[in-house]
Amino acid sequence: MKLMKLFLPMLAIAMLATGCTKEYVTREYNTYGAQIKTFQFNITPSEWQRNEGVNLPGSNNYLYCTKNISEIDQYVFDQGTVQAFAWNVYDPSTNTGAWNTLPFIYPLEIMEQDDMGNINTFVIPENLRFEWELGKVTFIIQDLDGFDPENMVSTISIKVCITTNM
Numbered sequence: 000m001k002l003m004k005l006f007l008p009m010l011a012i013a014m015l016a017t018g019c020t021k022e023y024v025t026r027e028y029n030t031y032g033a034q035i036k037t038f039q040f041n042i043t044p045s046e047w048q049r050n051e052g053v054n055l056p057g058s059n060n061y062l063y064c065t066k067n068i069s070e071i072d073q074y075v076f077d078q079g080t081v082q083a084f085a086w087n088v089y090d091p092s093t094n095t096g097a098w099n100t101l102p103f104i105y106p107l108e109i110m111e112q113d114d115m116g117n118i119n120t121f122v123i124p125e126n127l128r129f130e131w132e133l134g135k136v137t138f139i140i141q142d143l144d145g146f147d148p149e150n151m152v153s154t155i156s157i158k159v160c161i162t163t164n165m
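The structure is reproduced here in structure tokens:
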């Protein structure tokens with residue numbers, strides 16, 4: 000019994016001691032800072048092109064607009080990042096809005112007149128996203144159900160930010 004009283008505390012200490020290891024945390028600091036280049040585009044309705052697939056859910060129907068940005072070079076491709084934001088007006092009476100990170104789902108309000116002359120309002124969610132590659136960025140508008148997106152009727156303001164190390 001005396002041996003058991005001595006053995007159990009020693010076993011507990013041994014298990015606790017072997018379960019603990021020192022961890023060294025290394026923090027990396029960028030002493031050079033970052034370089035950010037910003038470009039703003041106002042994409043008019045006439046600039047959107049239509050990629051037409053079959054008009055079925057899940058097909059490749061979307062609107063797109065490509066902008067050339069020569070600053071998206073090999074260094075940005077390898078070491079940097081590209082982000083895009085769309086300006087969305089929340090209150091047209093005061094022109095209050097905010098920049099929204101892409102991809103962004105925005106409600107497109109559509110009004111249609113039925114056979115009885117009644118005006119019906121529908122809200123269709125549209126996905127606004129972007130893709131970037133060397134020298135260019137492409138903005139894409141696509142219905143969430145895969146059908147053809149509605150034609151654009153207003154100008155969309157988009158900001159593109161390129162971030163790299165200096």
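Numbering that gives the first Met the number 0 applies: residue 0 is where the sequence shown begins, and numbers increase by one. All C-beta atoms, glycine included, are put in the ideal place defined by N, C-alpha and C.
If the five residues before and after Tyr61 are omitted, its C-beta is found closer than 7 Å to the C-beta atoms of Asn50, Ile139, Ile140, Gln141 and Pro148, all from its own chain and listed in chain order.
Secondary structure note for Phe103: its beta strand (DSSP E) is the uninterrupted segment Phe103 to Gln112. Within the same chain, Val81, Ile161 and Thr163 come within 8 Å of Val75 by CB-CB distance, once the 5 residues on both sides are set aside. Collapsing the DSSP output to three states places Ser153 in coil. Taking C-alpha positions only, Thr93 is separated from Asp77 by approximately 42 Å. Going by DSSP, Asp77 is part of the alpha helix (DSSP H) stretching over Gln73 to Gln78. In the DSSP assignment, Thr100 falls within the unbroken beta strand (DSSP E) covering Thr95 to Thr100. The criterion of a C-beta distance shorter than 8 Å is satisfied by Pro124 and Ile104. Excluding five sequence positions before and after Asn67, the CB atoms of its chain that fall closer than 8 Å to its own CB belong to Gly134 and Lys135, given in chain order. When the Cα atoms are used, Val122 and Gly32 turn out to be separated by approximately 44 Å.
The straight-line gap separating the alpha-carbon atoms of Ala83 and Asp114 is approximately 42 Å.
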